[in-house]
Every structure is written in structure tokens, then in C-alpha cells.
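Worksheet: the structure to be examined is printed underneath.
4 protein chains.
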Amino acid sequence: MKRKYSVFLAHVGTFSDRYCAGYSDKRYEIEDLFDRVKSIPLLSAVDIALTPDVIDKKDEIVKNLKRTGLKVASVCMDTTADRIFSQGSFSSLDPGVRRKTLEDAKSGIDFAAEVGTGIFTIWPGQDGYDYMFQADYIKERELFAEGIAACCEYRKDINITLEYKLKEPRTHSYISSIGTTLLMIEKIGAKNLGVVIDFGHAVFGYETPGETVALCKIYGDRLMHIHMNDNYSLWDDDMICGSVHTINYLEFIYWLRRTNYEGYITFDQFPYREDSRDAVAESAKWFDYFESLMDKADMEEIETVLVKKNAVESSRLMRKILMGQA
Amino acid sequence: MKRKYSVFLAHVGTFSDRYCAGYSDKRYEIEDLFDRVKSIPLLSAVDIALTPDVIDKKDEIVKNLKRTGLKVASVCMDTTADRIFSQGSFSSLDPGVRRKTLEDAKSGIDFAAEVGTGIFTIWPGQDGYDYMFQADYIKERELFAEGIAACCEYRKDINITLEYKLKEPRTHSYISSIGTTLLMIEKIGAKNLGVVIDFGHAVFGYETPGETVALCKIYGDRLMHIHMNDNYSLWDDDMICGSVHTINYLEFIYWLRRTNYEGYITFDQFPYREDSRDAVAESAKWFDYFESLMDKADMEEIETVLVKKNAVESSRLMRKILMGQA
Amino acid sequence: MKRKYSVFLAHVGTFSDRYCAGYSDKRYEIEDLFDRVKSIPLLSAVDIALTPDVIDKKDEIVKNLKRTGLKVASVCMDTTADRIFSQGSFSSLDPGVRRKTLEDAKSGIDFAAEVGTGIFTIWPGQDGYDYMFQADYIKERELFAEGIAACCEYRKDINITLEYKLKEPRTHSYISSIGTTLLMIEKIGAKNLGVVIDFGHAVFGYETPGETVALCKIYGDRLMHIHMNDNYSLWDDDMICGSVHTINYLEFIYWLRRTNYEGYITFDQFPYREDSRDAVAESAKWFDYFESLMDKADMEEIETVLVKKNAVESSRLMRKILMGQA
Amino acid sequence: MKRKYSVFLAHVGTFSDRYCAGYSDKRYEIEDLFDRVKSIPLLSAVDIALTPDVIDKKDEIVKNLKRTGLKVASVCMDTTADRIFSQGSFSSLDPGVRRKTLEDAKSGIDFAAEVGTGIFTIWPGQDGYDYMFQADYIKERELFAEGIAACCEYRKDINITLEYKLKEPRTHSYISSIGTTLLMIEKIGAKNLGVVIDFGHAVFGYETPGETVALCKIYGDRLMHIHMNDNYSLWDDDMICGSVHTINYLEFIYWLRRTNYEGYITFDQFPYREDSRDAVAESAKWFDYFESLMDKADMEEIETVLVKKNAVESSRLMRKILMGQA
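Chains as they are written, first to last, in the working numbering: chain A, 1283 to 1608; chain B, 1283 to 1608; chain C, 1283 to 1608; chain D, 1283 to 1608.
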């Protein structure tokens, strides 16, 4: 099956962390970044995060989209990089911050429409808390839900998608797991509201990504976008897709197929010490390899095994999918 | 504030694990277990889990309740100890197992009414999976929800309470977190359906127990029962309450008070190598100590600090509560 | 490369955990267990754990070894199943328990010699602590080291191998990681003292098993035995080998080859709900598959990639090993 | 007992992470940082990390030390912030990088002597790997050990102290745990080589910090310096000391007293969203509170409880220490 692959534009650039302010001395302009994405086999799109360094370069982005022919998989608002959000965006107790958040969201949604994507992503990384006795969980969650509802109301032709993550940059996020995310979505109830599954966030939150896809199906068919990467199951290491897990991806793809997900697979990784373009190229090759294995697998046989609830049969099936025989 | 404390009757007995079939050579009959609970200061009730070894001793339990004057905090059905449930109870793909599960539930609910508790607890420890490609997540979750709905229908004067846990005995449980639990409750929608928070399950699932209480409040005021113990944040160690965490309990109690929880605090711990009665006595003293600290705390001051969203103030508040001054 | 595969005799039997006293109603006698092992393709040996239920059946074991022609990969003493060890074996503060431990060790070592294996394994699962303020770490560790030294002294023709594990059944073990294990071995200094790597223990202790092999090489070439299974990186799930991880096994095998490990691969898993014989058969097929992939890999190319320290090259190499091409 | 408290000079400044390039718009010069430390009650010293932004300001540091009267608890070399170390410092496969590392170490050691501290700290954050098949563990560890040995050789009047950490910024560090650290120290064997325990690193590596102190005592009395902070047991959250754990600190202090640690307690925390000076002031108050509790505790009684190996007694002891009575 041919998937549509994308990458966050900035993620073919350079990276820093809390210790090292820049792992590379290279500087990539918008144009360079587009060229780098364009050069990666299998990729046909970019995701645009409207961080402070990019927010004023919308025209340049539009120009480069035309120039390269790349599509836009999603537009993602910033609620994390700008320090104004350091104690929350939609959940901020400061009405001024909440106002700015909503304004940013609206202009981001309009930009999404302009660049031809129906997916507008909110990853509320600063909405949460670090310490106990630091937050009024009820009040802040209410404010958060109000803000999201307002985004959904603003423009019904664009889907608002929530990306959950257990922690980081806060020690605790409000939109923490598939459970709390779907719960909020159910309560807001808007049709144009859904989920972004970040494969790595699911894994390090001790979710089984395939089951996460199933949960999205059960509770309102809410899966709208996907971020891809890999990690060691305990932190958002944001590594090259396929470099740690294998079987996990295969089951994930099975459930994507069974629930008819046809959106983009967007690589969202932090290759601090690598050439970031090459790291994305690797991820695409890995994912494509996993897809090719599932192309050869027998979907009906899988369904038959699943209802046997027998781990020996499951193991045999995994080997068969991986080795082409058992 | 005077809490009502209880303990699972069997948990003043003896314990085994997967390596050691019995950490003690003592044998306690039902009568002994009641005497042991009765002897613990601060405790006024028991929780009864209807495991295979107890299920035929209902009369004896009733007799001992009268004899000792102990109340019943909850009745809990067995879906874990009997090997018939090894691949699930309410979610079992075997109609015979599902039928037995529902029958057991109904007779358990009736027993709850008989012994004067309004709380009937279901901890579906075997409902989940161990391996990838082992389960049809959609089908099994649907079956599970149907079974729970039938329990709620059976008798409206008894509250059905779901106890979630991330894992163990399965590597993955369906009722895994406060999020997936409330999601299922919302969908079933019955008024007599709620949540048991096991403090330790919340902690090792990387929830903040105080926030878990708040989530129950937000989504339908669903907190109905509480299990207490402690652990090292990574596994359900089921240790003496207060032996690892401190601040976490204080914030938890704050949210219990703020949301007006007035039910039992039931100790649910596995003191493999200790005298189990004494271990419960310790837990009760710890919890009572935490309550006494919160008695001295200023609830309004706490609320004021929470909306400052300032960790330095939070730290000062914690010290003040703990030390009686800052 | 043809590995020698073995399994713990008891692990083709039945299992229980702290909730369910027996997941199967089948009962296997010693003879049955041997027949089951004998029937598994690829296996040529058993490991014998001298638990209380087996300790008096040495003659029967010897008889069945002859009957089936199976070899013995290792003999493992019990320091966990017998409740006398519930507060430690070699580290026990009770001189009587320490005396029994050493006597058991000596007779176990003799039995190892009798059944023709040079590997005597000690997994000190109860030597550790659960609570803070529960143990005098210095005193207990000294006692433990003295006991191990005495075992090494007893008979120089048998290798004493220590199996480390971060936790369980205690919340904290003394022999917790490859680091603390090698440290103790270095200090005792006996030539016939070494390490058992349990693959799953390494993984859930956040070790990279391949690096663990390298550490054994660096610090005295101490790797003497291997236990195999799989898990989700956070607990000793003891699952079918290959059912969760893939790349991890390949790197592990690379380091086994590079450091010339030629001992047994012993399956040590807990298939609670499965036919345990079939679960072992699956593990053997998985491991053999991983070995066959490494047979096709170019060892020199791998070494070349390792010194490039370039994750993109590493990813390409992994794909090449797995897919047979990159 | 009066402890000597210090803080990393830069940690009363401002912070960034991988998402937000600066959580504060304040800019503190060296002079300001010194003033901020000076203003914190209980603190009498600073630790100086020779990061690229500070390395050329040694004169200014010396001047401000004189001006404020603050002592130096330790000097710490940089092997993390300068991107030249992104694939390792002492373990780098590039001889040029290793040469620079050693030169930096030597000039740092001289600076330590100049500012009157005997503690020179190496935290080799980039020495490790991210991916499997990315590193030759044997070769890199050998290079690392050679470099450390050279540092110890350089000047015997200064203690070289190694700070271990399981992970971050790499997914895996070579100096990962107390075990692997002591193992390397034992092998190098220099008298002026020791350990820095970072309390938080110990906790999120699933060590019990009190036991870690005991291990340093057992294996050569190697504890030379201490970093203090707190976290949720799964990541290096670097929070205000005392804001998460309580009992853990008390046991830690017990073992510090029992093993006669008399060095500095250095606060090493990342208060991204807080006033960093105030966050350190909080930590000092917390730690001092814990010390005051231990002042009142009976050291002999503790020792008596430890050899009972009875968790109920341990729990009672903890309550007694915390509440002043049991």
C-alpha cells in the first residue's frame, strides 16, 4: 500500500537540547529546508509548525510550496516555543494569553485552508504542570476545553486535531493519553475535532499503538493524523522510525488498514547528531518496508488469529509476517 | 477529618507470588481474619473479594460481620483468581465464560445488598492481552462494555465501580487508566457506574492521584471508592501506605476534601514478608497522620496558591503543610 | 551459527502468579516434563532449578536425562521458592539460614558435576529489600559476598554464575545490574565466578544487552551463561523471545559472536496462559531466525559501521541485516 | 548537623529546552549570578561549570569570588555544551577531540586548584550512544578509561569525580549507574578518583540513594561530591529538592552521616519557569528541614531497626522520624 509521507519542515534542519544550544553549525533558510525535503525519496509533503521563527514567513512558505510542488500534510500552531505560553496556552489563567492563543489558532486555521490542508494540529506542550499543589486541575481543564471548542467553531471546514503526550516539556501534560484526549473530544463533541497519534508518544505512554488506533475507531472514528518516530519505551527519544521497534509497527499498520486510515504519515523526529535529511530518508525506507511486509500478509488470516486469543499463534503469525513464512 | 478505614479481608491473611507459593505457614480461617481486622485501631469495615476460596462461605462472612460489628465497605467480584477467566471475563470471546461472569456479578451484587454496602467493585485483571497480534481490541472492548452495562441494569440500588490498572496480571489491561475508564463509563452512561481509584495504580500509571480525583469530578462525579497502598512509581508494589510517598498523599487528600469524597479508604496491600495485620495498622496510622496534617492546613490558602501557578509558592506551601510552618 | 538451546525443565510445566494459584489444571510429572522438552525441535538440553518440589527427585532427573539423551545446560540453586529465604539467603542476617544456603549450594554444585554441567547458577531473588530503612546495605552485602566466595572455593571445577535482576520478588535486589554484579565479582576475584545474562533482565534494567555482553568481556571475560525471553522494557514479563523486540536480539547476537560466546541459550519464560511447550518451541524458532540473519550479515562491515558512530549508517545497517538488503 | 550548601552558578540564571530557546527574557551577567547566590540564605559556595560561555571569564569569576566571599564547591568541565563533543569527549573516536578534552580537563583542574576546591567533576553526558549498532562499546570504553586515568595522573592534589547518569542527552551513557562507575574507578585504581552522586540520577536509575552511598563506602570509600534535586522517578526532572520525595532524603542523610560525608550539598536543578534563585532557596530550606529531622532521630535506634529486616518496624521508624513520634 502506498502511504503518503511527510515531515515537519523544521525537522530537516538543526536541533538543540537543554545542554547544547546547537548540535550543528549549519543554517538552513526556508528555501533550503524545502529543497532538503524535496530531495527525499518517497516524501510528497511537509507539515508546517508556526513557531516564532516561521510565523512571519508565510509568504515564503507558500512560494516554496509552489516551487517544489510539495503538499501540506498539516499546519501546527505553536503553543510551546514562545515563552509567553510557559504556563499554558488554552489553559492559561491569564486571559491575555488565552486571547492570544485563540487568535494564533484562528490565523493558523486560515493558513491551513490557504495552503490546502484540512488538518490543523494543536500540541499543547505547556498546558499541564510540573509540581503537585501547582495547579487547579478543574479550572485549567475547563479553560482548555473552552478554547478548543472555540477553535472547532471558528471554521468547520478544517479539522482540529489534538496531539497528546504524557509529559515533556512539563512533567505532566493535560492532554496526556489517548484516554484523556478522547474523553475531552467526546465532551466537546464537535465533528471537526480529532486525534493525532504520535507513535512514539503512544509507546512511551505504555499504549500499544495498534490498540490506540482501535480506540480512536471505537470512540467516534477520531483518528485524523499520524506522527512517526521511535524510542526506547520510556521517553520521547524521537529516533529514526524502525530503529528500535519492529513488530509494533506491523501491528500498527494492520490496524491502520483495518480502520481505513488514508491520511499522511508524518515523520517527527529529533536527529540531533545526524544529518536530519538523511535520518528522515531512513525513516521513510523503514516505514515503507513495514508496509511492504503487510502488503504480503493475509488480512483475513490475521483477523482469524486475533480471535483465537492464543499467544503461540500470535507469535507464529508475527514470524510469518516478518520472515514471509513460519 | 475522620475517614472511614477498611481493608480487604484476605489481605490480613498470607500471600504468595509467582516464585514462592506461600510466604507464611500460618493459616487463617474466616473467623481469624475478622478477628485480625477487628483488632486494628482506626478500622471499622472490611471489603470482601468473592474469590473461589470464599465464594461458598457467604454465610460465615455474614455471621462474622454480626459478631464483630464490622461494616462492609465494598464487595468485589472475582474475575482473576479463577482460571476460567485467564483470557478475560466480560470481554471473553467464549459466550460461556461471559455468561458465568454475568451470573457471578449478579449474585455478587445481591450479596453486596445483603451485607449492606452500595459498592460493588469489578477489577477486570484478566481482561486485556499480553502480546501484539493477540486481540481484536474492538470486539473485546465491545463485549466488555455490554457486560458492564448489564451489571448496571441488573439492580440500580447498587453502584458498579470499575477499578483500572495499567497492567498485571496481563501485560496490558483494557481498563488501563483513568482516561480509558471514564471514557467507557461515559459511553455506557449508567448513573450507578463509577470509578475505584487505587492510589498505587494511579501512581505507577504516571497519574497524579490528586488530578485523578479531579478528573472523576469533571466527568460526571464518578469517584465511588478508594484503594490505598504505596509503590516506587513503576509497578504495583502494593506497599504500606506512606512508606514511599508523602506529598502525593497530601495533595490527594486535598482533592478528596475539595470534591467531598466521603466514602471508605480501603487498604489494599500485599505484605508478603510482614505480619499482614500489623502492616495494615501502619497504613492506617500513616493515612491518619496525613489527614491530621491536612486538618491543620488552610484550604483557602491552598486554593489561592493553586491559581498562582508558581512552583516556588507550591514548594513553600508543601513545606508549610508538612512542617506546620514555612 | 548453530546455537545450543535449552529450557528450564519446570518452564514446560504450568504457572501461577500472585492472583491465580494455577493457570492450568494439568499436572506434569518429571517424566512428562522431560518428554515435553525432548519433543521441541532445536532443543538439546535442560536447566535444572533445585526448587523444593524437585530437590528430592535428583535420581529421577538423572534417570530421565539418560532416557532422553538431553544434556544439562546448568543447575540452579533455589534461594527464592523456599520461604526460609524470604529475607535473604547468602545475605540473611540469620546464621542458620546462611548455613542452609551454603549447604544447599554445595550439594547443588555436586549435583551439577554429577549431571555433567560446569555451570551452577545463583539467582538471589530474595537478597535485597523492599522498604527504605529496612536494611543495613553494608552488612548484608558483606555477608552475601562471603557466601559466594565460599561457593567458589568449594569446588574449582564448577563455575558459579550470578544472575542479576533489578527487582522482583523484592522491590530492590542486591545483585541488580551488570555493574553491581561485575563489581562484586571483581572484588571476590575467583576465577570460577561469572555472570548469567538474562536478556529480559538486561532490557528492563535499561541496559542494551549487546553492551552488557561487551562489559562482561571488558571486566574479566565473565559471561558464562544466558537466559532468553522478551518483555516490554519495564518489567520482567518473561514472554516468548522475539515477540516484542527484534533489532535488540540482532545486536546481542553480534556481540555474542564477537566475544566468542559458545555456551547455551536457555529459554526462561513464563507462558501463564499458553501451552508452555509450544511457547518454548516458538522462542527457539525466533532465536534461530535471528541467528540465520546474522549468518548472512557481514561481520567486518558491522565493525566498520560501529566506528563511524553515525546513526544513519547504523539504521541502514539494521535494515540491511533485517531485510537482506538496504 | 550543619551542611555546606552550594549551587551551580549558572543555575540561578535562565533555562531553555529543546522546544523553547529561553523561558525568561532576563539576562544575568557573572556578577549578577554571584549576587543572586550570595542572597540565598544557607548557601556559602558555588560550583563552576566551565561551559563555552564561561570558559573565558575565569578572571571575572575569581574577582567575584573575592567580592562575595563565596567558596567554590567544585569545578566541572564541559563535555556536553560544546558541539565538538556531540559524539563523545574522552571516548571520542577522533584523536583531536580526545586531545582537546584532555587539555580542557587539565586547565580545568588547574583552575580548580586556583579557586581553592579539591573537587574537579566530569559529567560525560555525550559519551555514550543513541542507537543500537552505533558504537564499539569495548573500544570507546577503553578510550574513556585512558582519558580519565590521564586526568588522575595530571595532578594528584585534586580529586577527579565522575558523575553518572543513565541517559540524556544520549539515550544511553557509558557512565550510567553507580555500578558501572565504581567498576571503572576500581579498574583505573587512582586514589584521587571518586564519585559524584546526583540524587536525582540515582532515583531515576532505580537506585535507592541511601544504598548508593553505602556502595561508595564498600568499594573504596569513593563518595566525593553530591548534587541535589528531585524528580518523579522516571526522568531527570531536576526539580526543587523535596518537592516529590520525602522519606528517600531522610534515608539518604542517614547514610551520609553513617559514612561521614562532610562535603558540599550542591543544588543542581532546572527551574525553567520559576525564579531560579527562589527555587534554590526552597531547596536549601527543604534539605535543611530534612537534616533537622535527622538531628532529632536516634542513630542507634535506626541501626537497631535496620538489622531487624522487618518492614513494619521500618515503617514505624519512618513515621517516628517524620512526625517526631510514632
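Ideal placement from N, C-alpha and C gives every residue a C-beta, glycine not left out.
- Residues of chain A whose Cβ lies closer than 9 Å to the Cβ of Thr1586 (chain D) do not exist, since the nearest Cβ in that chain is about 34 Å away.
- Between Ile1322 (chain B) and Ala1472 (chain B), the gap from beta carbon to beta carbon reaches 7 Å or more.
- The straight-line gap separating the alpha-carbon atoms of Met1466 (chain B) and Leu1444 (chain A) is approximately 20 Å.
- With distances taken between CA atoms, Asp1307 (chain D) lies nearest to D:Phe1297 out of D:Phe1316, D:Asp1314 and D:Phe1297.
- Judged by DSSP in its simplified three-state form, Tyr1514 (chain B) adopts coil rather than helix or strand.
- Proximity of chain D to Ala1484 (chain A) at the Cβ level (cut-off 7 Å) is not reached, the minimal Cβ distance being about 17 Å.
- Remark: C-beta atoms of Met1506 (chain A) and Cys1523 (chain A) do not approach each other more closely than 7 Å.
- Annotation: Val1379 (chain A) to Leu1291 (chain D) spans about 32 Å, alpha carbon to alpha carbon.
- Assigned with DSSP and collapsed to three states, Gly1410 (chain B) falls in strand.
- The segment 1395-1410 of chain B makes contact with the segment 1362-1371 of chain B: 3 or more CB pairs, one atom from each, lie closer than 8 Å.
- Met1521 (chain C) has C:Asp1512 as its beta-bridge partners, per DSSP.
- In the DSSP assignment, Ile1401 (chain A) falls within the beta strand (DSSP E) that extends over Ile1401 to Ile1404.
- Looking from the CA of Asp1560 (chain D), the closest CA among D:Asn1530, D:Glu1342, D:Lys1339 and D:His1293 belongs to D:His1293.
- In its chain, beyond the 5 residues on either side, Met1466, Lys1469 and Ile1470 have a beta carbon closer than 7 Å to the beta carbon of Ala1427 (chain D).
- Short of 8 Å from the beta carbon of Met1600 (chain C), and not among the five residues preceding or following it, lie these beta carbons of its own chain, in chain order: Ile1529 and Leu1532.
- Sixteen is the threshold: since fewer than 16 other Cβ atoms of the shown chains lie within 10 Å of the Cβ of Gly1351 (chain C), the residue is exposed.
- At a C-beta separation below 8 Å, Val1589 (chain A) has these neighbours in chain B: Leu1375, Asp1418 and Lys1421.
- Rounded to the nearest whole angstrom, the C-alpha separation of Val1397 (chain C) and Arg1555 (chain A) is 53 Å.
- Boundaries of the alpha helix (DSSP H) harbouring Ser1558 (chain A): Ser1558 to Lys1578, taken from the DSSP string.
- Only those residues of the segment 1549-1565 of chain D whose C-beta falls short of 9 Å from the nearest C-beta of chain B are listed: Pro1553, Arg1555, Glu1556, Asp1557, Asp1560, Ala1561, Ala1563, Glu1564 and Ser1565.
- Using a Cβ-Cβ cut-off of 7 Å, Ile1603 (chain C) does not count as an interface residue toward chain A, since no Cβ of chain A sits closer than that to its own.
- Taking 7 Å as the CB threshold, Thr1333 (chain D) stays off the interface with chain B.
- Here the alpha carbon of His1483 (chain D) sits roughly 41 Å from the alpha carbon of Ala1355 (chain B).
- Bridge partners of Tyr1456 (chain D) according to DSSP: none are assigned.
- In the structure shown, the three-state DSSP call for Glu1544 (chain D) is coil.
- The DSSP-derived three-state label of Ile1330 (chain D) is strand.
- Contact of Ser1459 (chain C) with chain A is not assigned, every C-beta pair being separated by 7 Å or more.
- Around the beta carbon of Gly1461 (chain B), 16 or more other beta carbons lie within 10 angstroms, which makes this residue buried.
- The DSSP-derived three-state label of Val1336 (chain B) is coil.
- Only residues of its own chain outside the window of five on either side were considered, and among them Gly1492, Met1576 and Ile1584 have a CB closer than 7 Å to the CB of Tyr1536 (chain A), listed in chain order.
- Within the same chain, Cβ atoms closer than 6 Å to the Cβ of Asp1360 (chain C) are found at Leu1332 and Thr1333, the five residues on either side in sequence being excluded.
- Judged by their CB atoms, Glu1450 (chain A) and Asp1520 (chain A) are not nearer to each other than the 7 Å cut-off.
- At a cut-off of 7 Å between beta-carbon atoms, Arg1309 (chain A) makes no contact with chain D.
- Taking 7 Å as the cut-off, the Cβ atoms of Val1589 (chain B) and Glu1595 (chain B) do not count as close.
- DSSP, reduced to helix, strand and coil, places Ile1479 (chain C) within a strand of the structure shown.
- Contacts between Gly1304 (chain C) and chain B, judged by CB atoms closer than 7 Å, involve Arg1365 in chain order.
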